[in-house]
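Following this note's numbering, the numbering of the sequence shown begins with 377 at its first residue and continues without gaps. For glycine and all other residues, C-beta sits at the position ideal for the given N, C-alpha and C.
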Amino acid sequence: MDRTKAIESLNAEIKSCTLCPLHAGRTHAVPGAGPLDADIMFIGEAPGFHEDQQGIPFVGAAGKFLNELLDSAGIDRNKVFITNVIKCRPPGNRDPDTQEVGACKDYLDRQIALIKPKVIVTLGRHSMARAFPDEKVSRVHGIPRKVGSQVYFPMYHPAAALHQPSLRPTVEEDFRRLRQLLEGELLPDEYTPPPTVEQLSLF
Ligand code: URA
C-alpha cells in the first residue's frame, strides 16, 4: 500500500475507533493533520472542545498560540504534521488515562512510522512520557535528544503558558531553539534510556 493510502486508511480506522470509552462522547475523532513528508511532528495531548467539534488538531486557544509560536520561529504550519497522544476528547478536557493512552498507542506508532519525521516535538508531559517516561518537562524542555535515530524535542504544552503567563518567554525561547535545531546550529544529546526492570534483573 502506498503511504497516502496507508495514512487515509489509518485516519478512517481512527475515525471509527471504539477501543476505549471516549468514542461514545466524541463529535469527531481527531487523527491529525499535515503532509506525509513533514520533517517535524508535533504531538500534543488530546483534542479539546474546538478540536472535537472540527476534527482538526490545535484549532482552539492553544492552537492559536501554537500558530503564533510557529510564525515567530519561521515554521510553516502547513509543512508540519500535528497530532495528539489520544485522538478523542476526554470529558471536561481532563488528563488522558492509561487505558486511553494504551488504546491510541498503536495509532501514534503507525503515524510516526509512516511520516518518519526528522524531529518529534512533544508538547506537554503526556506526549513526552512516550519517549521519556521518568522525565519532567521543567527539566528537559528545549533540549533536543536523540534516542536511536529519532530526535525528540520536548516542550511545555502551549496551554501551560496560557494558564501560567510567566512560562511564556520560556516557551518562546524553546521555539527559537527548535529553529536552531532545524538549521543544524543546535545538536541533540545522545540519550540512552535507563535500563528496564527486566534488564536490571539480568545482573
Ligand atoms: N491541546 C492538545 O493537546 N491538542 C489539541 O489538539 C488541542 C489542544
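**First through last residue of the beta strand (DSSP E) which encompasses residue 466** = Taking the sequence shown and counting its residues from 1, the one referred to as residue 466 is at position 90. Unbroken run through residue 466: none, as it is neither H nor E.
**Item:** Neighbouring residues (CB closer than 7 Å to any heavy atom of the ligand URA)
**Value:** Residues with their Cβ less than 7 Å from any non-hydrogen atom of the ligand URA, running along the chain, are 406, 420, 421, 422, 423, 424, 427, 433, 434, 436, 438, 439, 460, 499, 500, 533, 535.
**Item:** Under 8 Å between C-beta atoms of residue 555 and residue 408
**Value:** Position 179 of the sequence shown, counted from the first residue, corresponds to residue 555. Position 32 of the sequence shown, counted from the first residue, corresponds to residue 408. Not a contact, by the Cβ cut-off of 8 Å.
**Request:** Output the residue ranges of the alpha helix (DSSP H) runs that lie fully inside the segment 379–432 and measure 4 residues or longer, sorted by chain position.
**Result:** As far as the segment 379–432 is concerned, its whole alpha helix (DSSP H) runs of at least 4 residues are 379–391, 425–430.
**Message:** Looking at residue 436: is its Cβ nearer than 8 Å to the Cβ of residue 424?
**Reply:** Looking up residue 436 in the sequence shown gives position 60. Looking up residue 424 in the sequence shown gives position 48. Less than 8 Å separates the beta-carbon of residue 436 from that of residue 424.
**Request:** Taking 8 Å as the cut-off, decide whether the C-beta atoms of residue 499 and residue 539 are in contact.
**Result:** Along the sequence shown, read from residue 1 onward, the residue named residue 499 stands at position 123. Along the sequence shown, read from residue 1 onward, the residue named residue 539 stands at position 163. The beta carbons of residue 499 and residue 539 sit no closer together than 8 Å.
**Asked** Quick one: what does DSSP say residue 488 is sitting in, helix, strand or coil?
**Response** Locating residue 488 in the sequence shown gives position 112, where the first residue counts as 1. The answer is helix: DSSP assigns residue 488 an H, G or I state.
**Request:** Could you check the C-alpha separation between residue 458 and residue 410 for me, to the nearest Å?
**Result:** As a position in the sequence shown, residue 458 is number 82, starting the count at 1. As a position in the sequence shown, residue 410 is number 34, starting the count at 1. For the pair residue 458 and residue 410, the Cα-to-Cα distance works out to about 6 Å.
**Message:** Quick check: the Cα distance between residue 565 and residue 415, rounded to an integer number of angstroms?
**Reply:** Translated into the one-based positions of the sequence shown, residue 565 becomes position 189. Translated into the one-based positions of the sequence shown, residue 415 becomes position 39. Residue 565 and residue 415 have their C-alpha atoms roughly 19 Å apart.
**Item:** Length of the line joining the Cα atoms of residue 548 and residue 511
**Value:** Numbered from 1 along the sequence shown, position 172 holds the residue referred to as residue 548. Numbered from 1 along the sequence shown, position 135 holds the residue referred to as residue 511. Linking residue 548 to residue 511 through their CA atoms gives a straight-line distance of about 21 Å.
**Asked** To the nearest angstrom, how far is it from the Cα of residue 375 to the Cα of residue 391?
**Response** In this structure the chain extends from 377 to 579, so residue 375 is not present and cannot be described.
**Request:** Could you name the residues of the same chain whose beta carbon sits closer than 6 Å to that of residue 527, not counting the 5 residues immediately before and after it, in chain order?
**Result:** Looking up residue 527 in the sequence shown gives position 151. These residues qualify, in order along the chain: 495, 520, 564.
**Asked** How many Å lie between residue 393 and residue 478 at the Cα?
**Response** For the purposes of this step, residue 393 is taken as the residue at position 17 of the sequence shown. For the purposes of this step, residue 478 is taken as the residue at position 102 of the sequence shown. The C-alpha of residue 393 lies about 13 Å from the C-alpha of residue 478.
**According to DSSP, residues forming a beta bridge with residue 521** = Mapped onto the sequence shown, residue 521 falls at position 145. 528, 565.
**Request:** Name the one or two DSSP bridge partners that residue 496 has.
**Result:** Residue 496 sits at position 120 when you count from the first residue of the sequence shown. Residue 496 is bridged to 417, 528.
**Prompt:** Roughly how many angstroms separate the alpha carbons of residue 395 and residue 385, rounded to a whole number?
**Reply:** Here residue 395 is taken as the residue at index 19 of the sequence shown, counted from 1. Here residue 385 is taken as the residue at index 9 of the sequence shown, counted from 1. Between residue 395 and residue 385, the C-alpha separation is close to 17 Å.
**Request:** Please confirm whether residue 418 and residue 461 have their CB atoms less than 8 Å apart.
**Result:** Start at 1 with the first residue of the sequence shown, and residue 418 comes out as number 42. Start at 1 with the first residue of the sequence shown, and residue 461 comes out as number 85. Not in contact: residue 418 and residue 461 (Cβ atoms no closer than 8 Å).
**Message:** On the DSSP bridge list, what partners appear for residue 572?
**Reply:** The count along the sequence shown starts at 1 and reaches residue 572 at position 196. Paired residue(s): none; residue 572 is not in a bridge.
**Item:** Whole-angstrom distance between residue 381 and residue 616, CA atom to CA atom
**Value:** Nothing in the structure corresponds to residue 616, since the chain is present only between 377 and 579.
**Request:** Determine the contact status of residue 401 and residue 472, defining contact as a CB-CB distance below 8 Å.
**Result:** By one-based count along the sequence shown, residue 401 stands at place 25. By one-based count along the sequence shown, residue 472 stands at place 96. Not in contact: residue 401 and residue 472 (Cβ atoms no closer than 8 Å).
**Asked** Quick one: does the C-beta of residue 471 sit closer than 7 Å to a heavy atom of the ligand COA?
**Response** Summarising the ligand content, the structure contains the ligand URA and does not contain the ligand COA.
**Request:** Return the chain-ordered list of same chain residues with a C-beta closer than 8 Å to the C-beta of residue 562, the five sequence neighbours on each side being excluded.
**Result:** For the purposes of this step, residue 562 is taken as residue 186 along the sequence shown, with counting starting at 1. Cβ-Cβ distances below 8 Å link residue 562 to 520, 553, 556 in the same chain, with the five nearest sequence neighbours on each side left out; the list follows chain order.
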